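Number of protein chains: 2
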Amino acid sequence: MQAKALPGFRDFYPEDLALRSHIFATWRAVAACYGFEEYDGPPLEALELYTQKSGEEIVGQLYHFRDKGDREVALRPEMTPTLARMVGARAQALRKPIRWFAIPQVFRYERQQRGRLREHFQLNMDIIGEPSAAADAEVIAAAVDVLRAFGLGSTEVRVRLSDRRVLAAALGRAGVSDGELDGVLAALDKLDRSREYAVELIGRALGGDAGRVDGVMALVASLDVPRELLATAEAAPLNDCIDRLGAMGLGGFVDVDFRIVRGLAYYTGIVFELFDAGRALRAICGGGRYDQLLRQVSGVDLPCVGFGMGDVVLAELLKDSAFERSAPRRLDAFLVAVSGDDERAVLGLAHALRDRGVAVEYALRSGSVRRQLELAAARGAPRAVILGPDERASGMAVVRDLAGGSEARVPLTSVEQGRFD
Amino acid sequence: MQAKALPGFRDFYPEDLALRSHIFATWRAVAACYGFEEYDGPPLEALELYTQKSGEEIVGQLYHFRDKGDREVALRPEMTPTLARMVGARAQALRKPIRWFAIPQVFRYERQQRGRLREHFQLNMDIIGEPSAAADAEVIAAAVDVLRAFGLGSTEVRVRLSDRRVLAAALGRAGVSDGELDGVLAALDKLDRSREYAVELIGRALGGDAGRVDGVMALVASLDVPRELLATAEAAPLNDCIDRLGAMGLGGFVDVDFRIVRGLAYYTGIVFELFDAGRALRAICGGGRYDQLLRQVSGVDLPCVGFGMGDVVLAELLKDSAFERSAPRRLDAFLVAVSGDDERAVLGLAHALRDRGVAVEYALRSGSVRRQLELAAARGAPRAVILGPDERASGMAVVRDLAGGSEARVPLTSVEQGRFD
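Taken in order, these protein sequences are the chains called A and B. Numbering follows this note's numbering, in which position 107 of the first sequence is assigned residue number 107; successive positions increment by one, without gaps. Heads up: take any position in the second sequence, counting from 1, add 421, and you land on this note's numbering.
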């Protein structure tokens, strides 16, 4: 007997699913306001879609296997390769810029630590076909507005914003060659977790050249004051992006932080992460510009910028929110049959009301009126509609307010139309 | 380069996803009217959840593999085992009857024929904890009402309704023993596809006893006139179910058809399928009572009845519906900057409108007003809001009707609140 879900996988009981639906609905509402269209792809893809281009870190964490048709396949660990594949297949026909979003469930086989999950849902928003920082600002604004839609302000969440091009140029001036750059960036991405480990990785990337390692670490130390790098020529797109976020009234959410690198190798420009202001949780959201990936996956040369926002950290952040405290009401009325002879009338009324979009239930098992009223209260119905022989003879129903206990006689013709008083 | 999804898997481009969303929204609306709560489980489960109890036919069609933690796992081929597991784990705490629905994506590795898919989405509705035919009638009514919500009537879709208990008793009278019953029922399930093959299977199930095979086939021939079996004692729940569907005004959808068996071994009572009236497509929906499964999976003894309705046959049926003809409108307005100096004002206005839930876009690249209006039309916006230096100076905006071509000057304070005339 199998009692539990696999480790790292979640069961969504109705109370859990209500929160998930609330998150999805908010994601969809903000995406719609930004003119984004929803798409989706398969949760299972050819393994090579991920192994070819996505960097080694992901490959070791895939759920992959050989299917009965002898194909190497994998559960999607992220949505971007699917997006690149789908856009690539119709690149000619799709009008640019493409503004698409999706809410895929994604899967990673991570060694479980501190309740870390192996699946989560992720809002993905991407703009494809526009290289300017206007697109970057647009997706960052959307990410911030999602959090604002959940009631979070700039004292609760922060955008950490950087541009790999600015950091790459600075690293170049510090003596890092083009060939060494990816290794150094990957190392800098580990700085937050362990400075020692990052230094070791930088040493490895620079062939053990202690002088240049010192140069890179001096640059890293200077990143606390970003003003200098913001004045470099390479920072023009980043400054444009910041200016646009300011014009949208979102400047107060943004901190420039050149230590943000983002682990994935495919980012090519502006990168960003959203965090809770207290930094108690992992990143809420991460994204950036990836102008080469589409060409690598599909052979079509189109610039892209986008982000992914997971449901798990977000739910953590919303734990004490108003939604969590107030369960949504499910039922409009519970119908009660006084005797067995009234059951057919209850069925007819139930169906008439449901046809009008009114949510109703009735007892599936015959029982006393008291028993049925108890069930009505247990189901959270605000009122009971009671049908007995007398009521049916006079064309009336008794409507009982289950919170207050008051009762009123209402014509059946009104009740049938969903008017209960 | 990977251009296509795996065979049998679908990419949902925005126009495809719009139809899927329409189907899901309708499913959810009807389920809500019936007081059902949504749940979900993991798409990946322990293999034994399926191999132990679900009948051999499913097992050979699973996507299954050994994960990195050496667990045998499988993509879910159906939702019912997960439902049984989840309910079993909280059987004490959950108030009965449980009325739950889910919309899982399910996966089967079937040999591909005539474009048959290897994944689809499936509405599952189940009532758990109520053994009477009232529950069966309730879920059948919900299935019919889903199709009615899509605009389909009794001339377009039909319910084929049976009860395994009635058929089993009749087969018993025809000489089939309890031990032979499952084999004969599985054979009868193939009758629609090939009579010859079904006869061969019945022969096998009855140990080649030609006399009893003839008896079973005589019974099969008599099933065309169900009146006789409806008068047997075993038909009491079925008659109650039919009576209740009649009281709900849905009697006109129902055909009693004792040839409906349903392939899955776990059904124990009333079974039903919904078909297009012309029988041009596969079943739209199938379900029934499965009173033993929960005990087998979780050790908790609770009666269940439910159905699954896939999105693929349904979408086929809706192909020419009104929804397909009218694409939903996405944008409320497209904002146009006359000069580069107006771009920041456009950004501010865009953000003010989005904050009110108004869906707006603007050009991410600077360009002539004509170019921006072309883009606005291409994105399907009903109107353009044009901001130039003169407008800004006078606190006005030009609102252009993109269908008619007429223009009006509207105070910016109105436009900011989403009032465009």
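Yeah, the Cβ is synthetic: ideal placement off N, Cα and C, and Gly gets one too. Source: prediction; values computed, not measured.
So which residues of chain A does G809 (chain B) contact, with C-beta pairs closer than 8 Å? Numbered from its first residue, the second sequence carries residue 809 (chain B) at position 388. Chain A residues near G809 (chain B): none, gap ~17 Å exceeds 8 Å.
_Backbone secondary structure at A29 (chain A) - three-state DSSP_ = Residue 29 (chain A) sits at position 29 when you count from the first residue of the first sequence. The answer is helix: DSSP assigns A29 (chain A) an H, G or I state.
*Is the Cβ of E119 (chain A) closer than 9 Å to any Cβ of chain B?*
Indexing the first sequence from 1 puts residue 119 (chain A) at position 119. Closer than 9 Å to some Cβ of chain B, the Cβ of E119 (chain A) qualifies, so yes.
task = Just list the alpha helix (DSSP H) runs in the stretch 53 to 114 of chain A, keeping only unbroken ones of 4 residues or longer that don't cross its boundaries, in chain order.
result = 56 to 59 and 80 to 89
Practice task
Following the continuous beta strand (DSSP E) through L223 (chain A), name the residue where it begins and the one where it ends.
Solution key: Counting from 1 along the first sequence, the entry for residue 223 (chain A) is found at position 223. Careful: L223 (chain A) lies outside any beta strand (DSSP E) and carries neither H nor E.
- [ ] For L152 (chain A), count neighbouring C-beta atoms within 10 Å of its own C-beta (all shown protein chains included) and say buried if the count is 16 or more, exposed if not.
- [x] Position 152 of the first sequence holds residue 152 (chain A). Buried: at least 16 other Cβ atoms inside 10 Å.
Report task. Determine the extent of the beta strand (DSSP E) in which T270 (chain A) is found, giving its start and end residues. Result -> Position 270 of the first sequence holds residue 270 (chain A). Checking the sequence, you will find Ile at residue 270 (chain A) rather than Thr. Looking at the DSSP string, the run of the beta strand (DSSP E) that includes I270 (chain A) is I270 to D276.
Assigned secondary structure, M669 (chain B) (DSSP; H/G/I helix, E/B strand, else coil): The count along the second sequence starts at 1 and reaches residue 669 (chain B) at position 248. In the structure shown, M669 (chain B) sits in coil (DSSP, three-state: anything other than H, G, I, E or B).
**Item:** Opening and closing residue of the alpha helix (DSSP H) in which V166 (chain A) lies
**Value:** Along the first sequence, read from residue 1 onward, the residue named residue 166 (chain A) stands at position 166. R164 to R173 is the span of the alpha helix (DSSP H), which, as asked, contains V166 (chain A).
task = Just the chain A side, please: which residues come within less than 7 Å of R431 (chain B) by C-beta, in chain order?
result = The residue given as residue 431 (chain B) occupies position 10 in the second sequence. Those within 7 Å of R431 (chain B) in chain A are P42.
Where I681 (chain B) sits in the DSSP three-state scheme: On the second sequence, position 260 is the one that residue 681 (chain B) refers to. Three-state result, I681 (chain B): coil.
| Neighbour list for W100 (chain A) in chain B, Cβ cutoff strictly below 8 Å | To locate residue 100 (chain A), count along the first sequence from 1; it is residue 100. Here the neighbours are P435.
Given G825 (chain B) as reference, the closest of B:A798, B:K425, B:Y484 and B:V675 once Cα atoms are compared
Taking the first residue of the second sequence as position 1, residue 825 (chain B) is located at position 404. The shortest C-alpha separation from G825 (chain B) is found at B:A798.
Which residue wins for smallest C-alpha separation from R244 (chain A), given the options B:R625, B:R821, B:A589 and B:H772? For the purposes of this step, residue 244 (chain A) is taken as the residue at position 244 of the first sequence. Selected option, being the one with the closest Cα: B:H772.
Are the C-beta of E428 (chain A) and some C-beta of chain B separated by less than 9 Å? Nothing about residue 428 (chain A) can be read from this structure; chain A reaches only from 1 to 421.
| said: Within the continuous beta strand (DSSP E) that includes R710 (chain B), where are the two ends? | reply: Looking up residue 710 (chain B) in the second sequence gives position 289. C706 to R710 is the extent of the beta strand (DSSP E) around R710 (chain B).
Practice problem: List the residues of chain B whose Cβ lies closer than 8 Å to the Cβ of G153 (chain A), in chain order. | Solution: Position 153 of the first sequence, counting from 1, holds the residue named residue 153 (chain A). Under the 8 Å cutoff, chain B gives no residues; its nearest Cβ is about 13 Å from G153 (chain A).
- If we count the other Cβ atoms within 10 Å of its Cβ and call it buried at 16 or more, is L281 (chain A) buried or exposed? Numbered from 1 along the first sequence, position 281 holds the residue referred to as residue 281 (chain A). Its Cβ having fewer than 16 others within 10 Å, L281 (chain A) is exposed.
- Query: From L785 (chain B) to A802 (chain B), what does the alpha carbon distance come to, in whole angstroms?
  - Reply: The residue you call residue 785 (chain B) lines up with position 364 of the second sequence. The residue you call residue 802 (chain B) lines up with position 381 of the second sequence. For L785 (chain B) and A802 (chain B), the distance between alpha carbons rounds to 16 Å.
Within this structure, are the beta carbons of V560 (chain B) and G708 (chain B) separated by less than 9 Å? The residue given as residue 560 (chain B) occupies position 139 in the second sequence. The residue given as residue 708 (chain B) occupies position 287 in the second sequence. The answer is yes: Cβ separation under 9 Å.
Quiz prompt | Spatially closest choice to V59 (chain A) from A:A235, A:D11, A:R66 and A:P77, by CA coordinates | solution = Against the first sequence, residue 59 (chain A) aligns to sequence position 59. Checked all of A:A235, A:D11, A:R66 and A:P77; the closest Cα to V59 (chain A) is A:P77.
Exercise for the section: Please confirm if the stretch 573 to 592 of chain B is in contact with the stretch 668 to 676 of chain B, defined as three or more CB-CB distances below 8 Å between the two stretches. Expected result: yes
> Roughly how many angstroms lie between the CA atoms of L538 (chain B) and G809 (chain B), to the nearest whole one?
Replying inline: For this step, residue 538 (chain B) is matched to residue 117 along the second sequence. For this step, residue 809 (chain B) is matched to residue 388 along the second sequence. Approximately 53 Å, taken between the alpha carbons.
Taking F275 (chain A) as the reference, which of A:V346, A:V144 and A:R90 has the closest Cα? To locate residue 275 (chain A), count along the first sequence from 1; it is residue 275. The option with the nearest alpha carbon to F275 (chain A) is A:V144.
Three-state secondary structure (DSSP) of E577 (chain B)
Translated into the one-based positions of the second sequence, residue 577 (chain B) becomes position 156. The answer is coil: DSSP assigns E577 (chain B) none of H, G, I, E or B.
| message | In the DSSP output, what is A350 (chain A) paired with across the bridge? | response | For the purposes of this step, residue 350 (chain A) is identified with residue 350 of the first sequence, where counting begins at 1. DSSP output for A350 (chain A) lists no bridge partner at all.
Same chain, Cβ closer than 6 Å to V597 (chain B), five either side skipped, listed in chain order = Indexing the second sequence from 1 puts residue 597 (chain B) at position 176. Counting only Cβ-Cβ distances below 6 Å, and skipping sequence neighbours, we find V605.
_Run through the DSSP bridge pairs and tell me what I386 (chain A) is partnered with._
One-based indexing of the first sequence puts residue 386 (chain A) at position 386. DSSP, once it has assigned bridges, lists A:V336 and A:V398 as partnering I386 (chain A).
Do D437 (chain B) and C725 (chain B) have their CB atoms nearer than 9 Å? Numbered from its first residue, the second sequence carries residue 437 (chain B) at position 16. Numbered from its first residue, the second sequence carries residue 725 (chain B) at position 304. In this structure, C725 (chain B) does not lie closer than 9 Å to D437 (chain B) by Cβ.
When A:S368, A:V360 and A:D332 are compared against D341 (chain A), the one with the closest alpha-carbon = Counted from its first residue, the first sequence places residue 341 (chain A) at position 341. Closest by alpha carbon: A:S368.
Margin query: Spatial neighbours of E273 (chain A) within its chain, please: C-beta separation below 6 Å, excluding the five flanking residues on both sides.
Written below: For this step, residue 273 (chain A) is matched to residue 273 along the first sequence. Only R160, I260, A283 and G286 meet the Cβ criterion.
T834 (chain B): buried (16+ other C-beta within 10 angstroms of its C-beta) or exposed?
In the second sequence, residue 834 (chain B) corresponds to position 413, counting from 1. Flag for T834 (chain B) reads exposed.
Subject >> R830 (chain B), DSSP secondary structure in three states >> reply: Along the second sequence, read from residue 1 onward, the residue named residue 830 (chain B) stands at position 409. Reduced to three states, the DSSP call for R830 (chain B) is strand.
Strictly below 9 Å CB to CB, what residues from chain B border M309 (chain A)? Within the first sequence, residue 309 (chain A) is the residue found at index 309, counting from 1. Residues of chain B passing the Cβ test: none, with the nearest at roughly 17 Å.
If you draw a straight line from the C-alpha of H22 (chain A) to the C-alpha of R28 (chain A), how long is it? Counting from one through the first sequence, the residue named residue 22 (chain A) turns up at place 22. Counting from one through the first sequence, the residue named residue 28 (chain A) turns up at place 28. If you take the alpha carbons of H22 (chain A) and R28 (chain A), they lie about 10 Å apart.
Any idea what DSSP makes of F728 (chain B), helix, strand or coil?
Here residue 728 (chain B) refers to the residue found at position 307 when the second sequence is read from its first residue. Looking at F728 (chain B) - three-state DSSP - the assignment turns out to be strand.
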